[in-house]
Amino acid sequence: MSDHIETHPAVISPTTATSSPSSSPSSSSSLFTTPTKSDTKRLLPLTDPKASSSSKKTISLTYTIVFTFLACTLFLLYSRSSLSSPTLSASIHRSRFPSLLSHFRPTKKNKYEWLEKMVHCDFFHGRWVRDDSYPLYQPTSCPHIDESFDCARNGRPDRNYDSFKWKPYGCDIPRLNAKHMLKILKGKRLVYVGDSLNRNMWESMVCLLRNAVKDKSRVFEASKRIEFRTEGSYSFVFEDYNCSVEFFSSPFLVQQWEVLNKNGSKKETLRLDLIETSSDKYSSADFIVFNTGHWWTHEKTAKGKDYYQEGDHVYSEMSASEAFQRALRTWGRWVDAKTNSSKTAIFFRGYSFSHFGGGKWNTGGQCHRNVEPFKNETSRWRYPKKMRVLEKIIKEMKTHISYLNVTRMTNFRKDGHPSMYRKQNPTKEEQLTYLTHQDCSHWCLPGVPDVWNELLYAQILVRNYHRKQRMLHEKQTK
């Protein structure tokens, strides 16, 4: 795997400058020789008025052309493009004049200066900024988006929700360069494990990478499935790069279990002491992105009566917070014991905010009138207790976990949910149902999960940078 970052927007290919050869000494001295009378006629054409006039016109025309070219270039570089071509608009947006000047003569320091800034930057403390060069792939262009996430295809009339980028206060994160990401993934596995919000993120990454592949037929789900809402696992293969992007459904990260009641009937429980059953299938993957959180708020888990189990003991009652902590400790022990940190990079994506208004997810909560993000950055909001628990456990682990703390950034994006746009051409009866049973938890695609994957990409770049620096240090100390 190459650690060289070739395609960051601020880095351009160096231009090789050529200079004309210097004049010879003899020709130089002849310029200062006093002409004799016999040379006068030979020198007269140099001061001929017609020739001089023609020369002045040529110089004037040259200056005009150069000035016009520079003016047009500056206009294109600084203008907010409203061009209809998304490709051209994106390329203009990425080509800022200061970057151009600073990289005519790139040095190693200039080349990695932006990356060194990212190393010390808090990616997750920032704000959403409108950027018309987004989204990173065109709405309705990716056939692998779950129908309920495909808001544009389902008739959502406003389109601002997919035209925002995340801007940290202390640095700039690079746009996700799909071709470069595919090079990073060559011969490797990227696995997402968790609930349907991680499936949201997984589908986003599949679409982002697919958009960079010329022959789309060489991107396919390994089992030829086209619907991904059932339990189990899914794997998209990118044949040209011999890599896969996979999803394992595991809403709790620990095992869902069954016990027999005294009357012989089966009862569902949650084994807080056992990692989920498919963990051995992805423990050796190169990149694993975990999440859990949303299912811990549902009625069954929140009440916690006769549901949580450790060993043969089923607790008559336990709070969701306590159960969540025990489950995450089980996950942490498994990561420390079963993964190889020199091969596998572990990420955990934090809790993603929901925005139900006028009720909860099952009592008529709505969000379809939200068409702009929250703009008040100082507004009070409550950081989920579950994430405090997660952060504590991550600090206690031996394995390094890269924490994608998207909680605050998703709190702003009340506009990004599918809401009532969950199906293409719904019947009148379905329209009425979707009006009162809206999805204000998941996210439209293209949309917010694309930015999560940009943050994942940035963290992978930083990780690779650290690895390269360590290798360089080890080489120098030998």
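Mind the numbering: the sequence shown is residues 817 to 1294 in the numbering used here, read in order. Don't be surprised by glycine CBs; every beta carbon is placed ideally from N, CA and C. Only a predicted model underlies this, so the values are computations on that prediction, with no experimental measurement involved.
(message) Please state whether the Cβ-Cβ distance between Phe1064 and Tyr1008 is less than 9 Å.
(response) For the purposes of this step, residue 1064 is taken as residue 248 along the sequence shown, with counting starting at 1. For the purposes of this step, residue 1008 is taken as residue 192 along the sequence shown, with counting starting at 1. Against a cut-off of 9 Å, the Cβ pair of Tyr1008 and Phe1064 comes out as a contact.
(request) Go to Thr1243, then tell me how far its alpha helix (DSSP H) extends in each direction, as first and last residue. (result) Translated into positions along the sequence shown, residue 1243 becomes position 427. Here Thr1243 belongs to no alpha helix (DSSP H), and DSSP marks it neither H nor E.
(message) Quick check on Pro1234: does DSSP put it in helix, strand or coil?
(response) On the sequence shown, residue 1234 is found 418 positions in, with the first residue counted as 1. Here Pro1234 sits in coil by DSSP.
(request) Would you mind sorting Arg1041 into buried or exposed? The rule is 16 or more other CB atoms within 10 Å of its CB. (result) Indexing the sequence shown from 1 puts residue 1041 at position 225. Exposed is the call here.
(request) For the alpha helix (DSSP H) containing Cys1023, list its first residue and its last residue. (result) Stepping through the sequence shown from its first residue, residue 1023 is reached at position 207. Per DSSP, Cys1023 belongs to the alpha helix (DSSP H) from 1012 to 1026.
(request) Report back the beta-carbon spacing between Gly1161 and Arg1279 to the nearest angstrom; my notes put them in contact at under 8 Å. (result) For the purposes of this step, residue 1161 is identified with residue 345 of the sequence shown, where counting begins at 1. For the purposes of this step, residue 1279 is identified with residue 463 of the sequence shown, where counting begins at 1. Note that residue 1161 is Ala in the sequence shown, not Gly. Right, the Cβ-Cβ distance comes to about 6 Å (below 8 Å), so this counts as a contact.
(request) Give me whichever residues DSSP pairs with Phe980 in a beta bridge. (result) Working through the sequence shown from its first residue, we reach residue 980 at position 164. DSSP output for Phe980 lists Arg946 as bridge partner(s).
(request) Could you tell me the boundaries of the alpha helix (DSSP H) in which Ser1137 lies? (result) Position 321 of the sequence shown holds residue 1137. That run of the alpha helix (DSSP H) goes 1136 to 1154.
(request) Return the chain-ordered list of same chain residues with a C-beta closer than 7 Å to the C-beta of Cys1183, the five sequence neighbours on each side being excluded. (result) For the purposes of this step, residue 1183 is identified with residue 367 of the sequence shown, where counting begins at 1. Closer than 7 Å at the Cβ level, and outside the excluded window around Cys1183, lie His1171, Phe1172, Gly1173, Lys1230, His1233, Ser1235, Gln1254, Cys1256.
(message) Just to confirm, is the Cβ distance from Thr1085 to Gln1125 under 9 Å?
(response) To locate residue 1085, count along the sequence shown from 1; it is residue 269. To locate residue 1125, count along the sequence shown from 1; it is residue 309. The answer is yes: Cβ separation under 9 Å.
(request) Return the Cβ separation of Gly1120 and Ser1135 in integer angstroms, given the expectation that the two are a contact with Cβ distance under 8 Å. (result) On the sequence shown, residue 1120 is found 304 positions in, with the first residue counted as 1. On the sequence shown, residue 1135 is found 319 positions in, with the first residue counted as 1. Confirmed, Cβ separation roughly 6 Å.
(message) Does the stretch 947 to 967 come into contact with the stretch 1261 to 1275, if we say contact requires no fewer than three beta-carbon pairs (one atom in each stretch) closer than 8 Å?
(response) yes
(message) Excluding the 5 residues flanking Asp947 on each side, which residues of the same chain have their C-beta closer than 6 Å to its C-beta?
(response) For this step, residue 947 is matched to residue 131 along the sequence shown. Excluding positions up to five away in sequence, the list reads Lys981.
(request) Write down the C-beta distance between Met1203 and Tyr1167 rounded to the nearest angstrom, noting that I regard them as a contact closer than 8 Å. (result) In the sequence shown, residue 1203 corresponds to position 387, counting from 1. In the sequence shown, residue 1167 corresponds to position 351, counting from 1. Contact holds; Cβ gap of about 5 Å.
(request) Name the residue from Lys1208, Ile1217, Arg1185, Met1225 whose alpha carbon lies nearest to the alpha carbon of Arg1198. (result) If you number the sequence shown from 1, residue 1198 lands on position 382. Ranking the options by Cα distance to Arg1198, first place goes to Met1225.
(request) Keeping to the same chain, check which residues put their C-beta closer than 7 Å to that of Gly1003; ignore five residues upstream and five downstream. (result) Within the sequence shown, residue 1003 is the residue found at index 187, counting from 1. Correct list, in chain order: Asn1058, Cys1059.
(message) I'd like to check one pair, Pro984 with His936: are the Cβ atoms closer than 9 Å?
(response) As a working note, residue 936 is residue 120 in the sequence shown. As a working note, residue 984 is residue 168 in the sequence shown. In this structure, Pro984 does not lie closer than 9 Å to His936 by Cβ.
(request) Could you tell me whether the Cβ atoms of His1258 and Ser1066 are closer together than 9 Å? (result) For the purposes of this step, residue 1258 is taken as residue 442 along the sequence shown, with counting starting at 1. For the purposes of this step, residue 1066 is taken as residue 250 along the sequence shown, with counting starting at 1. Cβ distance not < 9 Å, so His1258 and Ser1066 don't count as in contact.
(request) Figure out for me which residue from Asn1079, Asp1128, Thr1215 has the closest Cα to the Cα of Ile1104. (result) Numbered from its first residue, the sequence shown carries residue 1104 at position 288. Of the listed residues, the one whose Cα sits closest to Ile1104 is Thr1215.
(message) Do Lys1159 and Ser1100 have their beta-carbon atoms positioned less than 9 Å apart in this structure?
(response) The residue you call residue 1100 lines up with position 284 of the sequence shown. The residue you call residue 1159 lines up with position 343 of the sequence shown. Taking 9 Å as the Cβ cut-off, Ser1100 and Lys1159 qualify as a contacting pair.
(request) Could you give the DSSP three-state label for Asp1056: helix, strand or coil? (result) Numbered from its first residue, the sequence shown carries residue 1056 at position 240. Three-state DSSP puts Asp1056 in a helix.
(request) Note down the Cα distance separating Ser898 from Asn1192, rounded to an integer number of angstroms. (result) As a working mapping, residue 898 is identified with position 82 in the sequence shown. As a working mapping, residue 1192 is identified with position 376 in the sequence shown. Its pLDDT being 38, under 50, Ser898 is placed unreliably by the model, and the measurement read from it follows with that caveat. Distance between the alpha carbons of Ser898 and Asn1192: 27 Å.
(request) Look at Asp1351 and Leu998 and say whether their C-beta atoms are less than 9 Å apart. (result) Residue 1351 lies beyond the stretch modelled for the chain, which goes from 817 to 1294, so this question has no answer here.
(message) Check this for me: beta carbons of Phe1164 and Tyr1237, under 9 Å apart or not?
(response) For the purposes of this step, residue 1164 is taken as residue 348 along the sequence shown, with counting starting at 1. For the purposes of this step, residue 1237 is taken as residue 421 along the sequence shown, with counting starting at 1. In this structure, Tyr1237 does not lie closer than 9 Å to Phe1164 by Cβ.
(message) In this structure, how does DSSP classify Lys1121 when only helix, strand and coil are distinguished?
(response) What you label residue 1121 is simply residue 305 of the sequence shown in a count that begins at 1. It is a strand residue.
(request) Please report how far the alpha carbon of Ala994 lies from the alpha carbon of Asn1227, in whole angstroms. (result) Residue numbering aside, residue 994 sits at position 178 when the sequence shown is read from its first letter. Residue numbering aside, residue 1227 sits at position 411 when the sequence shown is read from its first letter. Each residue's alpha carbon lies about 27 Å from the other.
(message) Within a Cβ cutoff of 8 Å, which residues of the same chain sit near Pro973, ignoring the five residues on either side of it in sequence?
(response) Position 157 of the sequence shown, counted from the start, is the residue given in the question as residue 973. Result list for Pro973: empty, nothing under 8 Å.
(request) Could you give the DSSP three-state label for Arg991: helix, strand or coil? (result) Translated into positions along the sequence shown, residue 991 becomes position 175. DSSP places Arg991 in coil when its eight states are reduced to three.
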